[in-house]
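> Protein chains in written order, with my numbering: chain A, 133 to 418; chain B, -2 to 274.
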């Protein structure tokens, strides 16, 4: 990476007896980074800390060269940040336009004419022009997600933090989102997702978080390589597999410790991810 | 059948110098072009594209302009439009909340009138602005949700402006309620300084702890103060005569309010982290 946009050192956060983050170290630079991890891994907690709406119990965080623990640092970060929360918490009575306009005011867009132009621009980017003046409560889940994405794009921020941006989007909208993100001039994007194909299509860097700690950080192809020699297909389920499932072709794909003579195949990002987070997480490579 | 169209010279003047046309001609042309696609197209080619774009933008802007509630329209007379929109978004300034406050004050006034003492009103009044301030500080209640909480203006300054608006509104409603008390003597105004103190003290405490805890502590403090003041078998009616609401008590409230205000000013950059949980 040519420069570091986000630097996280030994960040810990707990909620009561639940440990959400247990000493996370992370460096992010320009480009799109995917954050993968099972439910409860701490992804949302980490994103909220980076988006300045959550605070760590300990550790240090630097975002765009600023400390989110200080008022001045938070302000400086927020001026260059676009954030899509996991649950945006839309106001029921707002229309799509009114919601994004309200967030635009909070983002210091003072001049009404300019602000409205920007609101129309970002809503058009996510394909919501036909429903600008429809109440959010009347929109589908996918459309609401796109309203959330639109507000995050206001002002073309330097850092985009997106918590499960493709959740609830139909396949076409997911492709449109990939196209949109690929065309954004935003320099650093961090997105959490459960979709490994999103990571494969969008991200140049991937981080896997499990049990509140970083278990992998690197290129998506390196995540796939973790499963080199540990993915095979057969016509029936075989012993040694941590996970096995029937593919569309009718073969059984296995991830785990292959038996002798197994028909090994090229691993995908999903295979590497499953090895990291599944039953074989601590097993040595075969 | 011969179809009539607006003569070219008139159409040009209508498109470029409409003020030069007399009202009857201008109205006729306007009526005709709404039903004639050919003349509409001709106007479009004659009109100044810059003026046309400006006009269209003004129309779009008017159509897109968000609806404004009563409170926002009133606020917009005092502060910039954007500030009015942000301040009016405070839950404590919504009609439903204000209606609830009015109902509670009406209830306290009714009890006071029945008992012949302002004590019930004086005991309740300071808690109402506190509730409004608590709502103003609740990030979950902001229409921007968590996305708004990560925006630059979701700051202490905005929260304080909202708190001011809530306190000012509450005070106005309480003042109106106080006029209906059975005794319009000095005791009828004895709610003001405790209300001010509790609110400012809660804001001051918010520079150290979560604002919701600060408000809860201030409320508890007020209730304990009332219990201590009524200790010794005093009746609710005689609570109004306690030192709390007499000159000495009021002076203490004023002094403490000044102290709390100076703490808020000195520590305004230390408002506790407003985390959405």
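Don't be surprised by glycine CBs; every beta carbon is placed ideally from N, CA and C.
Could you please tell me which residues of the region 138 to 150 of chain B, in chain order, have their CB closer than 7 angstroms to any CB of chain A?
Residues passing the 7 angstroms Cβ filter: 140, 141, 142, 143, 144, 145, 146, 147, 148, 149 and 150.
> Note the first and the last residue of the continuous beta strand (DSSP E) segment covering residue 373(A).
As a working mapping, residue 373(A) is identified with position 241 in the first chain. Here the beta strand (DSSP E) through residue 373(A) covers 373 to 378.
> Between the alpha carbons of residue 201(B) and residue 219(B), how many angstroms are there, rounded?
Against the second chain, residue 201(B) aligns to sequence position 204. Against the second chain, residue 219(B) aligns to sequence position 222. Cα to Cα, residue 201(B) sits roughly 16 angstroms from residue 219(B).
> What residue range is occupied by the uninterrupted alpha helix (DSSP H) comprising residue 53(B)?
As a working mapping, residue 53(B) is identified with position 56 in the second chain. Where residue 53(B) is concerned, the enclosing alpha helix (DSSP H) stretches over 46 to 61.
> Tell me whether residue 224(A) sits in a helix, a strand or coil according to DSSP, three-state version.
Here residue 224(A) refers to the residue found at position 92 of the first chain. Of the three classes helix, strand and coil, the one that applies to residue 224(A) here is coil, per DSSP.
> How about residue 135(B) and residue 238(A): are their beta carbons less than 8 angstroms apart?
As a first step, residue 135(B) is located in the second chain; it is residue number 138 there, counting from the start. As a first step, residue 238(A) is located in the first chain; it is residue number 106 there, counting from the start. No.
> Please compile the residues from chain B whose C-beta is within a distance smaller than 7 angstroms of the C-beta of residue 240(A).
In the first chain, counting from the first residue as 1, residue 240(A) sits at position 108. In chain order: 149 and 150.
> Does the count of Cβ pairs from the region 236 to 254 of chain A and the region 332 to 339 of chain A closer than 8 angstroms reach three?
Output reads no: the region 332 to 339 of chain A does not touch the region 236 to 254 of chain A.
> Residue 69(B) CB to nearest chain A CB: under 8 angstroms?
In the second chain, residue 69(B) corresponds to position 72, counting from 1. Output row for residue 69(B): interface = no.
> Between the Cα of residue 215(B) and the Cα atoms of 125(B), 187(B) and 144(B), which residue gives the shortest distance?
Within the second chain, residue 215(B) is the residue found at index 218, counting from 1. Checking every option, the nearest Cα to that of residue 215(B) belongs to 125(B).
> Can you tell which of 2(B), 114(B) and 203(B) has the C-alpha that lies nearest to the C-alpha of residue 131(B)?
Mapped onto the second chain, residue 131(B) falls at position 134. Residue 203(B) is the option with its Cα nearest to residue 131(B).
> By the DSSP assignment, the beta strand (DSSP E) with residue 324(A) in it spans what residues?
If you number the first chain from 1, residue 324(A) lands on position 192. Residues 320 to 324.
> Would you report the Cα separation of residue 462(A) and residue 343(A), rounded to the nearest angstrom?
Absent from the structure is residue 462(A), since the part of chain A shown begins at 133 and ends at 418.
> So is residue 367(A) buried or exposed if we call it buried at 16+ other beta carbons inside 10 Å?
Along the first chain, one-based indexing puts residue 367(A) at 235. So residue 367(A) counts as exposed.
> Let me see if you follow: with CB-CB separation under 8 angstroms, is residue 368(A) close to chain B or not?
For the purposes of this step, residue 368(A) is taken as residue 236 along the first chain, with counting starting at 1. False, the Cβ-Cβ gap to chain B never drops below 8 angstroms.
> Have a look at residue 182(A) and residue 251(B) and give me their C-alpha separation to the nearest angstrom.
Counted from its first residue, the first chain places residue 182(A) at position 50. Counted from its first residue, the second chain places residue 251(B) at position 254. Computed Cα separation, rounded: 42 angstroms.
> Bridge partners for residue 30(B) per DSSP, in chain order?
Your numbering for residue 30(B) matches position 33 in the second chain. BP columns for residue 30(B) are empty, so no partner.
> List the residues of chain B that residue 356(A) touches, going by C-beta distances under 7 angstroms, in chain order.
On the first chain, position 224 is the one that residue 356(A) refers to. Going along chain B, no residue has its Cβ under 7 angstroms from residue 356(A), so there is no contact; the nearest lies around 33 angstroms.
> Could you check which residue in 90(B), 146(B) and 50(B) has the C-alpha nearest to that of residue 128(B)?
By 1-based counting over the second chain, the position of residue 128(B) is 131. For residue 128(B), the nearest C-alpha among the options comes from 90(B).
> Since residue 266(B) meets chain A, which of its residues come closer than 8 angstroms, beta carbon to beta carbon?
Position 269 of the second chain, counting from 1, holds the residue named residue 266(B). Going along chain A in sequence order, the residues near residue 266(B) (Cβ under 8 angstroms) are 203.
> Hey, residue 341(A) and residue 178(A): beta-carbon distance below 8 angstroms or not?
On the first chain, residue 341(A) is found 209 positions in, with the first residue counted as 1. On the first chain, residue 178(A) is found 46 positions in, with the first residue counted as 1. Against a cut-off of 8 angstroms, the Cβ pair of residue 178(A) and residue 341(A) comes out as a contact.
> Between the alpha carbons of residue 58(B) and residue 248(A), how many angstroms are there, rounded?
The residue you call residue 58(B) lines up with position 61 of the second chain. The residue you call residue 248(A) lines up with position 116 of the first chain. Cα-Cα distance, rounded: 7 angstroms.
> Tell me which residues share the same chain as residue 201(A) and place their Cβ nearer than 8 angstroms to its Cβ, disregarding the 5 neighbours each side in the sequence.
For the purposes of this step, residue 201(A) is taken as the residue at position 69 of the first chain. Only 187 and 193 meet the Cβ criterion.
> Tell me which same chain residues have a C-beta within less than 8 angstroms of the C-beta of residue 256(B), skipping the five on either side of it?
Here residue 256(B) is taken as the residue at index 259 of the second chain, counted from 1. Hits under 8 angstroms: none found.
> Mapping DSSP to helix, strand and coil, what is residue 275(B)?
With chain B represented from -2 up to 274, any question about residue 275(B) goes unanswered, as that position is not in the structure.
> Quick check on residue 158(B) - is its C-beta less than 8 angstroms from some C-beta in chain A?
For the purposes of this step, residue 158(B) is identified with residue 161 of the second chain, where counting begins at 1. No, its Cβ sits nowhere closer than 8 angstroms to a Cβ of chain A.
> How close, in whole Å, do the beta carbons of residue 284(A) and residue 196(A) come, if the pair is a contact with beta carbons under 8 angstroms?
Locating residue 284(A) in the first chain gives position 152, counting from the first residue. Locating residue 196(A) in the first chain gives position 64, counting from the first residue. With 8 angstroms as the limit, residue 284(A) and residue 196(A) do not qualify as a contact, their Cβ atoms being about 16 angstroms apart.
> From the DSSP output, in three-state form, read off residue 205(B) for me.
Along the second chain, one-based indexing puts residue 205(B) at 208. Coil, per DSSP.
> For the region 80 to 92 of chain B, enumerate the residues whose C-beta is nearer than 8 angstroms to any C-beta of chain A, in chain order.
Listed in sequence order: 82, 83 and 86.
> Within 10 angstroms of the Cβ of residue 229(A), are there 16 or more other Cβ atoms? Answer buried if so, exposed if not.
As a first step, residue 229(A) is located in the first chain; it is residue number 97 there, counting from the start. Its Cβ being crowded by 16 or more others within 10 Å, residue 229(A) is buried.
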